[in-house]
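In this text, residue positions in the sequence shown follow full-length UniProt numbering: the first is 1, and each later residue adds one.
Below is one structure, written out as structure tokens; the observations come after it.
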Amino acid sequence: METVEQLVSFNHIPVQLNGGTPWGFTLKGGLEHGEPLIITKEPACYVNAVEAKIEEGGKAEQCKKLRVGDELVNINGSALYGSRQEALILIKGSYRILKITVCRT
Numbered sequence: 001m002e003t004v005e006q007l008v009s010f011n012h013i014p015v016q017l018n019g020g021t022p023w024g025f026t027l028k029g030g031l032e033h034g035e036p037l038i039i040t041k042e043p044a045c046y047v048n049a050v051e052a053k054i055e056e057g058g059k060a061e062q063c064k065k066l067r068v069g070d071e072l073v074n075i076n077g078s079a080l081y082g083s084r085q086e087a088l089i090l091i092k093g094s095y096r097i098l099k100i101t102v103c104r105t
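So, in structure tokens, the structure goes:
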């Protein structure tokens, strides 16, 4: 039987992507959709859906630290409050280096 600590354990994983856009991932969810900001590999199915995936061969995949289901919690030292729009502004403001932190349960 799992302990409470095991059930709620999670890791914060720092990730640094170098070289500029494209970074090789998109986001799904956000405060606007009542969901955390999640990275997935699910293909785009709906035109109006909030898509998220790690692009094959992209910088996010090459760094080998990001996984399907990771929650984006920090961008370039700025803690996120869950807004997808906020995250996109911070990501687009990155020039050559993007430092993110993901939470993995």
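Glycine residues also receive a C-beta, built at the ideal position from the N, C-alpha and C atoms.
Beta bridge pairing from DSSP links A79 with N74. For E35, the secondary structure class from DSSP, reduced to helix, strand or coil, is strand. Note on I39: 16 or more other CB atoms within 10 angstroms of its CB, so buried under the neighbour-count rule.
Nearest C-alpha to C63 among T21, I13, L17: L17. When only Cα atoms are considered, G69 and S94 end up about 23 Å apart. In the DSSP annotation of this structure, the continuous segment of the alpha helix (DSSP H) that includes L88 starts and ends at 84-92. Linking G20 to K59 through their CA atoms gives a straight-line distance of about 9 Å. With contacts defined as CB atoms closer than 8 Å, E61 and G29 fail to qualify as a contacting pair.
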